[in-house]
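Below you'll find the structure, written out as C-alpha coordinates, and then a few comments.
Residue numbers (our numbering): 3 to 181.
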(Lines of atoms letter the chains of each structure in order from A and count residues from 1; the text may use other names and numbers.)
(Lines give C-alpha, C1' and ligand atoms only; values in the text may rest on other atoms or scores of the structure.)
Protein backbone atom coordinates (compact mmCIF):
# COMPACT_ATOMS: atom_id res chain seq x y z
CA UNK A 1 0.00 0.00 0.00
CA UNK A 2 1.20 3.49 -0.87
CA UNK A 3 0.02 6.80 0.54
CA UNK A 4 -2.72 8.28 -1.61
CA UNK A 5 -1.38 11.01 -3.88
CA UNK A 6 -2.49 12.31 -7.22
CA UNK A 7 -0.14 11.52 -10.10
CA UNK A 8 2.35 14.25 -11.05
CA UNK A 9 1.53 16.39 -8.02
CA UNK A 10 3.89 14.72 -5.56
CA UNK A 11 3.50 14.15 -1.82
CA UNK A 12 4.76 16.30 1.02
CA UNK A 13 4.69 15.77 4.74
CA UNK A 14 3.98 19.42 5.53
CA UNK A 15 0.57 20.01 7.10
CA UNK A 16 -1.81 22.42 5.43
CA UNK A 17 -2.03 25.75 7.27
CA UNK A 18 -5.13 27.92 6.75
CA UNK A 19 -3.21 31.19 6.90
CA UNK A 20 -0.63 29.94 4.41
CA UNK A 21 -3.38 28.78 2.07
CA UNK A 22 -5.09 32.17 2.27
CA UNK A 23 -1.82 34.02 1.61
CA UNK A 24 -0.92 31.70 -1.28
CA UNK A 25 -4.39 31.98 -2.78
CA UNK A 26 -4.30 35.78 -2.57
CA UNK A 27 -0.81 36.00 -3.99
CA UNK A 28 -1.56 33.66 -6.87
CA UNK A 29 -5.12 34.82 -7.49
CA UNK A 30 -6.06 31.12 -7.30
CA UNK A 31 -8.98 31.58 -4.94
CA UNK A 32 -11.17 34.45 -3.85
CA UNK A 33 -11.57 35.49 -0.24
CA UNK A 34 -14.90 33.70 -0.17
CA UNK A 35 -15.41 30.62 1.95
CA UNK A 36 -15.84 28.53 -1.21
CA UNK A 37 -12.45 29.64 -2.53
CA UNK A 38 -10.78 28.84 0.78
CA UNK A 39 -12.33 25.36 1.06
CA UNK A 40 -11.31 24.53 -2.52
CA UNK A 41 -7.77 25.77 -1.88
CA UNK A 42 -7.54 23.69 1.31
CA UNK A 43 -8.68 20.53 -0.48
CA UNK A 44 -6.45 21.04 -3.53
CA UNK A 45 -3.44 21.69 -1.32
CA UNK A 46 -4.22 18.65 0.84
CA UNK A 47 -4.38 16.41 -2.22
CA UNK A 48 -1.11 17.87 -3.52
CA UNK A 49 0.51 17.20 -0.15
CA UNK A 50 -0.54 13.57 0.03
CA UNK A 51 -3.72 14.05 2.03
CA UNK A 52 -2.26 15.83 5.05
CA UNK A 53 -4.65 18.33 6.65
CA UNK A 54 -3.81 20.00 9.95
CA UNK A 55 -6.43 19.93 12.71
CA UNK A 56 -7.39 23.52 11.90
CA UNK A 57 -7.66 22.86 8.16
CA UNK A 58 -9.70 19.69 8.71
CA UNK A 59 -12.01 21.64 11.00
CA UNK A 60 -12.31 24.48 8.50
CA UNK A 61 -13.11 22.22 5.55
CA UNK A 62 -15.57 20.18 7.63
CA UNK A 63 -17.37 23.28 8.87
CA UNK A 64 -17.27 25.24 5.58
CA UNK A 65 -18.02 22.42 3.17
CA UNK A 66 -19.83 19.98 5.47
CA UNK A 67 -17.57 17.06 4.60
CA UNK A 68 -13.88 16.26 4.31
CA UNK A 69 -12.11 13.31 2.67
CA UNK A 70 -9.67 11.47 4.93
CA UNK A 71 -7.10 11.14 2.17
CA UNK A 72 -4.26 9.51 4.07
CA UNK A 73 -6.18 6.31 4.93
CA UNK A 74 -5.09 3.18 3.07
CA UNK A 75 -7.33 0.36 1.83
CA UNK A 76 -6.37 -2.46 -0.53
CA UNK A 77 -8.77 -3.43 -3.32
CA UNK A 78 -11.62 -5.52 -1.85
CA UNK A 79 -10.43 -4.89 1.73
CA UNK A 80 -12.48 -3.19 4.42
CA UNK A 81 -9.62 -3.08 6.92
CA UNK A 82 -7.93 0.29 7.28
CA UNK A 83 -4.14 -0.04 7.38
CA UNK A 84 -2.27 0.26 10.65
CA UNK A 85 -1.32 3.88 10.16
CA UNK A 86 -0.74 6.11 12.04
CA UNK A 87 -3.04 8.48 10.19
CA UNK A 88 -2.97 12.21 10.84
CA UNK A 89 -6.52 12.59 9.53
CA UNK A 90 -7.89 10.32 12.28
CA UNK A 91 -5.91 12.14 14.96
CA UNK A 92 -7.18 15.49 13.70
CA UNK A 93 -10.75 14.25 13.36
CA UNK A 94 -10.63 12.91 16.93
CA UNK A 95 -9.33 16.30 18.09
CA UNK A 96 -12.21 18.00 16.26
CA UNK A 97 -14.70 15.67 17.94
CA UNK A 98 -13.14 16.33 21.36
CA UNK A 99 -13.23 20.10 20.80
CA UNK A 100 -16.86 19.96 19.58
CA UNK A 101 -18.60 17.76 22.13
CA UNK A 102 -22.03 18.02 20.49
CA UNK A 103 -20.75 17.16 17.00
CA UNK A 104 -22.05 14.08 15.21
CA UNK A 105 -20.37 12.80 12.06
CA UNK A 106 -21.25 10.35 9.33
CA UNK A 107 -18.35 8.35 7.93
CA UNK A 108 -19.01 7.52 4.28
CA UNK A 109 -16.92 4.78 2.72
CA UNK A 110 -15.98 4.80 -0.96
CA UNK A 111 -14.48 2.22 -3.33
CA UNK A 112 -12.87 1.94 -6.72
CA UNK A 113 -14.80 0.38 -9.62
CA UNK A 114 -13.38 -3.12 -9.29
CA UNK A 115 -16.41 -5.40 -8.79
CA UNK A 116 -20.15 -4.78 -8.89
CA UNK A 117 -22.05 -1.86 -7.42
CA UNK A 118 -23.92 -3.71 -4.65
CA UNK A 119 -20.78 -5.47 -3.45
CA UNK A 120 -18.90 -2.17 -3.43
CA UNK A 121 -21.65 -0.42 -1.47
CA UNK A 122 -21.42 -3.13 1.19
CA UNK A 123 -17.59 -2.95 1.15
CA UNK A 124 -17.60 0.83 1.47
CA UNK A 125 -19.90 0.65 4.50
CA UNK A 126 -17.53 -1.88 6.10
CA UNK A 127 -14.65 0.54 5.42
CA UNK A 128 -16.52 3.32 7.19
CA UNK A 129 -17.22 0.93 10.10
CA UNK A 130 -13.51 0.05 10.27
CA UNK A 131 -12.60 3.74 10.57
CA UNK A 132 -15.36 4.24 13.17
CA UNK A 133 -13.93 1.39 15.23
CA UNK A 134 -10.43 2.91 15.00
CA UNK A 135 -11.73 6.31 16.20
CA UNK A 136 -13.47 4.63 19.14
CA UNK A 137 -10.70 2.25 20.22
CA UNK A 138 -7.56 4.33 19.61
CA UNK A 139 -8.83 7.86 20.06
CA UNK A 140 -11.69 7.47 22.53
CA UNK A 141 -14.38 9.09 20.38
CA UNK A 142 -17.87 8.17 21.63
CA UNK A 143 -19.39 5.63 19.24
CA UNK A 144 -22.88 7.13 19.47
CA UNK A 145 -21.51 10.27 17.75
CA UNK A 146 -20.28 8.38 14.67
CA UNK A 147 -22.65 7.03 12.02
CA UNK A 148 -21.56 5.00 8.97
CA UNK A 149 -22.73 4.61 5.37
CA UNK A 150 -21.38 3.31 2.09
CA UNK A 151 -21.43 4.97 -1.34
CA UNK A 152 -19.55 2.34 -3.33
CA UNK A 153 -17.96 3.81 -6.45
CA UNK A 154 -20.66 6.41 -7.07
CA UNK A 155 -18.58 9.46 -6.03
CA UNK A 156 -14.99 9.12 -7.30
CA UNK A 157 -12.37 11.80 -6.64
CA UNK A 158 -10.14 10.52 -9.46
CA UNK A 159 -10.55 8.42 -12.61
CA UNK A 160 -10.64 4.69 -11.96
CA UNK A 161 -8.57 4.06 -15.10
CA UNK A 162 -5.24 3.81 -13.25
CA UNK A 163 -4.03 2.22 -10.02
CA UNK A 164 -3.24 5.67 -8.63
CA UNK A 165 -6.81 6.82 -9.29
CA UNK A 166 -8.28 3.67 -7.77
CA UNK A 167 -6.12 4.17 -4.63
CA UNK A 168 -7.46 7.70 -4.21
CA UNK A 169 -11.04 6.48 -4.60
CA UNK A 170 -10.63 3.84 -1.86
CA UNK A 171 -11.32 6.29 0.94
CA UNK A 172 -13.59 7.40 3.74
CA UNK A 173 -15.06 10.89 4.11
CA UNK A 174 -16.35 12.52 7.27
CA UNK A 175 -19.67 14.37 6.93
CA UNK A 176 -20.71 16.81 9.63
CA UNK A 177 -24.26 15.79 10.62
CA UNK A 178 -24.54 18.06 13.67
CA UNK A 179 -22.00 20.74 14.66
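All C-beta atoms in this analysis are idealised placements derived from N, C-alpha and C, irrespective of residue type, glycine included.
If you're wondering where the values come from, they're calculated on a predicted model, not measured in any experiment.
- Task: Report yes if the CB atom of residue 172 is closer than 8 Å to the CB atom of residue 114, and no otherwise.
- Result: Translated into the one-based positions of the chain shown, residue 172 becomes position 170. Translated into the one-based positions of the chain shown, residue 114 becomes position 112. Yes. Within cutoff.
- Starting from residue 69, trace the beta strand (DSSP E) both ways and give me its first and last residue. Sequence index remark: in the chain shown, residue 69 carries index 67 (1-based). Here the beta strand (DSSP E) through residue 69 covers 69–71.
- Query: What are the residues that DSSP puts in a beta bridge with residue 137?
  - Reply: One-based indexing of the chain shown puts residue 137 at position 135. None; residue 137 has no bridge partner.
- Measuring alpha carbon to alpha carbon, tell me which of 144, 170, 151 ends up nearest residue 101. As a first step, residue 101 is located in the chain shown; it is residue number 99 there, counting from the start. Of the candidates 144, 170, 151, the one whose C-alpha sits nearest the C-alpha of residue 101 is 144.
- Let me know the secondary structure DSSP gives residue 190 once reduced to three states. The question about residue 190 has no answer here: the residues shown for the chain are numbered 3 through 181.
- Query: Terminal residues of the continuous beta strand (DSSP E) containing residue 175?
  - Reply: Mapped onto the chain shown, residue 175 falls at position 173. Here the beta strand (DSSP E) through residue 175 covers 174–180.
- Query: By Cβ distance below 7 Å, which residues in the same chain neighbour residue 136 in space, the five residues on each side in sequence not counted?
  - Reply: Counted from its first residue, the chain shown places residue 136 at position 134. Taken in chain order, the residues that qualify are 84, 92.
- Task: For the alpha helix (DSSP H) containing residue 167, list its first residue and its last residue.
- Result: Indexing the chain shown from 1 puts residue 167 at position 165. Taken as a continuous stretch (DSSP letters only), the alpha helix (DSSP H) holding residue 167 covers 165–171.
- Query: Thinking C-beta only, is residue 134 closer than 8 Å to residue 109?
  - Reply: Indexing the chain shown from 1 puts residue 109 at position 107. Indexing the chain shown from 1 puts residue 134 at position 132. Against a cut-off of 8 Å, the Cβ pair of residue 134 and residue 109 comes out as a contact.
- Any non-hydrogen atom of the ligand NAP closer than 7 Å to residue 170 Cβ: This structure simply doesn't include the ligand NAP, nor any ligand for that matter.
- Task: Name, in chain order, the residues that DSSP records as bridge partners for residue 152.
- Result: Residue mapping note: residue 152 aligns to position 150 of the chain shown, counting from 1. In the DSSP output, where bridge partners are listed per residue, residue 152 has 111.
- 6 Å Cβ shell around residue 175 - same chain, five flanking residues per side excluded: Locating residue 175 in the chain shown gives position 173, where the first residue counts as 1. Within the same chain, residue 175 has close Cβ partners 69, 71, 110.
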